[in-house]
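Visitor: Just so we're aligned: the sequence shown equals residues -21 to -1, 1 to 113 in mature numbering (1 follows the signal peptide of the UniProt record, and there is no 0). We treat Cβ as the ideally placed atom computed from N, Cα and C, and that holds for glycine.
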Amino acid sequence: MRQFQRPIALMWLVLANDANAHDWYTGKTDPVLQYDCCGNKDCHPIDSDVVRETKGGYYVRLPRPAYMNEPQEAEWFIPRERVQAAPDDRYHICERLMTFYRTITPHMKFEAYQRFRWTCFFAPRGTSSIAQAR
């Protein structure tokens, strides 16, 4: 019995730390549109290599799955006024897989397709957008 207690305790410790690591996304909203960032399932850290800062904001290029039935946008532009401060030294993005519709035959039949859309973006406090805005 004692041999099972240690792995179970270790598992609870790991799960508790993972849950706390993403708690800060909960309750966050986009500063301009006031949309919910959506919390744990849609928000995640991203590598700084996929982020390019410009005068007006950021360009983010994320790899997309090949199974999507619609080509994804090559890059997302995130305006400076929608950038929020991250609590750590990493970039974070919140994104959702959304369903859109288009007509195949005018006024007769619709086809559904899915695309990822970003909802919130967080940059490290040391970046110029955060230093100027806050």
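1. Please state whether the Cβ-Cβ distance between VAL11 and ARG43 is less than 7 Å.
2. Short of 7 Å in beta carbon distance, which residues of its chain neighbour GLY35, apart from the five on each side in sequence? Order them along the chain.
3. Is it buried or exposed, ILE83, if we count other Cβ atoms within 10 angstroms and call 16 or more buried?
4. So, at 7 Å on beta carbons, what are the nonlocal neighbours of residue 160 in its own chain, with the 5 sequence-adjacent residues on each side left out?
5. Within the same chain, show all residues whose beta-carbon is closer than 8 Å to that of ALA65, passing over the 5 residues directly before and after it, in chain order.
6. Just to confirm my understanding: we take CYS17, look at its own chain, exclude 5 residues before and 5 after, and list those with CB closer than 7 Å. What are they?
7. How far does the beta strand (DSSP E) with ARG96 in it extend, from its first residue to its last?
8. Taking 8 Å as the limit between beta carbons, can you name the residues of its chain near TRP3, skipping five residues before and five after?
9. Just verifying my parser: in three-state terms, what is the DSSP assignment at ASP28?
10. Rounded to the nearest angstrom, how far is the Cβ of ARG40 from that of GLU54, given a contact under 8 Å?
11. Please state whether DSSP places ASP15 in a helix, a strand or coil.
12. How many Å lie between ALA(-3) and TYR80 at the Cα?
13. If we count the other Cβ atoms within 10 Å of its Cβ and call it buried at 16 or more, is TYR14 buried or exposed?
14. Which of the three DSSP states, helix, strand or coil, is assigned to GLU54?
Guide: In brief:
1. Residue numbering aside, residue 11 sits at position 32 when the sequence shown is read from its first letter. Residue numbering aside, residue 43 sits at position 64 when the sequence shown is read from its first letter. Not a contact, by the Cβ cut-off of 7 Å.
2. Your numbering for residue 35 matches position 56 in the sequence shown. Once the five neighbours on either side are set aside, the close Cβ partners of GLY35 are PRO58 and ARG59.
3. Taking the sequence shown and counting its residues from 1, the one referred to as residue 83 is at position 104. Answer is exposed; the Cβ neighbour count stays below 16.
4. The structure shown has nothing for residue 160, since the chain only spans -21 to 113.
5. The residue labelled residue 65 in the question sits at position 86 within the sequence shown. Same-chain partners within the cutoff: HIS71, PHE101, ALA102, PRO103 and ARG104.
6. Translated into the one-based positions of the sequence shown, residue 17 becomes position 38. Within the same chain, CYS17 has close Cβ partners CYS73, ARG75 and THR98.
7. Working through the sequence shown from its first residue, we reach residue 96 at position 117. Its beta strand (DSSP E) spans residues 88 to 102.
8. Residue numbering aside, residue 3 sits at position 24 when the sequence shown is read from its first letter. Closer than 8 Å at the Cβ level, and outside the excluded window around TRP3, lie PRO66.
9. In the sequence shown, residue 28 corresponds to position 49, counting from 1. Helix at ASP28.
10. Position 61 of the sequence shown, counted from the first residue, corresponds to residue 40. Position 75 of the sequence shown, counted from the first residue, corresponds to residue 54. Indeed they touch by this definition, with Cβ atoms about 5 Å apart.
11. Against the sequence shown, residue 15 aligns to sequence position 36. Here DSSP, grouped into helix, strand and coil, assigns ASP15 to strand.
12. Walking along the sequence shown from the start, residue -3 turns up at place 19. Walking along the sequence shown from the start, residue 80 turns up at place 101. Summary for ALA(-3): the model assigns pLDDT 45, below 50, so the residue's position carries little reliability; its value from the coordinates is reported in the next sentence. Cα-Cα distance, rounded: 35 Å.
13. Within the sequence shown, residue 14 is the residue found at index 35, counting from 1. Looking at its Cβ environment, which holds fewer than 16 other Cβ atoms inside 10 Å, TYR14 is exposed.
14. For this step, residue 54 is matched to residue 75 along the sequence shown. GLU54: coil per DSSP, three-state reduction.
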